[in-house]
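Numbering (the numbering used here), first residue to last: 180 to 490. Ideal Cβ positions, reconstructed from N, Cα and C, are used throughout, including at glycine. Everything numeric in this text was worked out from a predicted model, so none of it was measured. For reference, the structure is listed below as structure tokens.
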Ligand SMILES: NC(=O)c1ccc[n+]([C@@H]2O[C@H](COP(=O)([O-])OP(=O)(O)OC[C@H]3O[C@@H](n4cnc5c(N)ncnc54)[C@H](OP(=O)(O)O)[C@@H]3O)[C@@H](O)[C@H]2O)c1
């Protein structure tokens, strides 16, 4: 079962986690897309050295080799790390899934990952077959835990129905500029954690007046308030930065606590900002059912622009 534990583990940066079906997911991780090459190796290494223990990659990021190299160079023991990778939707046929997972492990130079996710729903392969394949991969020991990403409420219900192993999380876009209450509630119903990607709205939290005002009261930045708002709800965050100077800022979020009024104010703003985006939800659902994954990425970028324009 999912158990939020945002405050109890420690006020320090690296060892707070949420528990879901036996998985201890560190509350702060490093997102690595679209980092590549030496920059990626170095930021991963520095992040591990300053205390990050959770690292997020995917086969489609084409940086698993660099993420693995950065982790090895850090000298941090493997059993202290929580490494997530994601299988691309084009590899969901059961045999493909196992092959793609083995390829990811070869690139990472690991014998298993901590969490393996289905990157996007893919209606082109029956969900029952994909989940059977994912569970088989877990049983062969290639991953300690499994989960999904970008799954809607309906997708989650289907996935849970066909999964013989616990699904520990749904990794979704979540930040103070979006209302994700419905999908979050569906995850909680099934004991799944929510992991927030784009948790600072791709940097937008840095310039947001509400977050900056709240942050001033604690000597914190808007980015830190955005991340704190998420972890205080028991939602692990995986902000990405290419700058070592920002690594500490993005994980120093356990030495202050937002009041209930501040949490509600940020949530209300998220609901207001989401209204326009929600009107576009039927279009988004249709696109997920009919378009290939690259086309969905382009559409998502357009929708993000619409949201920014309307907020
Ligand atoms: N499952 C999925 O489908 C999916 C989709 C998207 C992302 N993700 C994962 O989630 C991770 C994070 O999401 P994201 O990269 O989209 O967005 P994000 O983490 O919300 O924002 C990253 C942006 O914020 C800037 N930034 C970072 N720290 C900052 C700070 N302290 N002050 C000001 N600006 C700051 C970064 O610039 P600098 O580099 O210059 O610092 C970068 O431009 C990705 O790297 C990836 O691992 C998953």
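Looking at residue j and residue i, is the spacing between their C-beta atoms short of 7 Å?
i	j	result
residue 342	residue 321	no
residue 408	residue 445	yes
residue 348	residue 364	no
residue 265	residue 237	yes
residue 358	residue 450	yes
residue 262	residue 234	yes
residue 204	residue 415	yes
residue 276	residue 316	yes
residue 339	residue 369	yes
residue 260	residue 242	no
residue 402	residue 393	no
residue 201	residue 223	no
residue 427	residue 229	yes
residue 328	residue 352	no
residue 356	residue 452	yes
residue 413	residue 197	yes
residue 268	residue 299	yes
residue 366	residue 207	no
When burial is assigned at 16 or more other CB atoms within 10 Å of the CB, is residue i buried or exposed?
i	result
residue 218	exposed
residue 199	buried
residue 383	buried
residue 418	buried
residue 477	exposed
residue 465	exposed
residue 319	exposed
residue 411	buried
residue 301	buried
residue 216	exposed
residue 474	exposed
residue 283	buried
residue 274	exposed
residue 336	exposed
residue 334	buried
residue 195	buried
residue 180	Model confidence at residue 180 stands at a pLDDT of 44, short of 50, so the residue's coordinates are unreliable and nothing is read from them.
residue 281	exposed
residue 434	exposed
residue 190	With a pLDDT of 41 at residue 190, under the threshold of 50, the predicted position of this residue should be treated as unreliable, though the coordinate-derived value follows. By the 10 Å Cβ count, residue 190 comes out exposed.
residue 471	exposed
residue 293	buried
residue 187	Only weak support exists for where residue 187 lies, its pLDDT of 39 falling under 50; the coordinates are left without a value.
residue 440	exposed
residue 462	exposed
residue 400	buried
Could you give the residue range of the alpha helix (DSSP H) that holds residue i?
i	result
residue 429	423-430
residue 282	273-287
residue 409	401-410
Taking CB distances under 7 Å as the criterion, tell me whether residue i reaches chain B.
i	result
residue 317	Among the chains in the structure shown there is no chain B, since it carries only a single protein chain.
Name the two residues that bound the continuous beta strand (DSSP E) containing residue i.
i	result
residue 372	372-376
residue 390	First-last for residue 390: 388-395, but that is the alpha helix (DSSP H), not the beta strand (DSSP E).
residue 293	292-297
Could you round the C-beta distance between residue i and residue j to whole angstroms and report it? I think they count as a contact, below 8 Å.
i	j	result
residue 209	residue 231	5 Å
residue 313	residue 297	7 Å
residue 211	residue 246	6 Å
residue 252	residue 220	7 Å
Taking 6 Å as the cut-off, is the CB of residue i close to at least one heavy atom of ligand 3?
i	result
residue 341	In the structure shown, ligand 3 is absent; the only ligands present are ligand 1.
Quick check for students: name the residue ranges of the alpha helix (DSSP H) that lie wholly in the stretch 183-265, counting only runs of 4 or more.
List check, alpha helix (DSSP H) in window: 216-229 and 243-253.
Where in the stretch 319-361 do unbroken runs of the beta strand (DSSP E), each at least 3 residues long, occur, reported from the N-terminal end onward?
Listed in chain order, the complete beta strand (DSSP E) runs (minimum 3 residues) inside the stretch 319-361 are 322-328 and 346-352.
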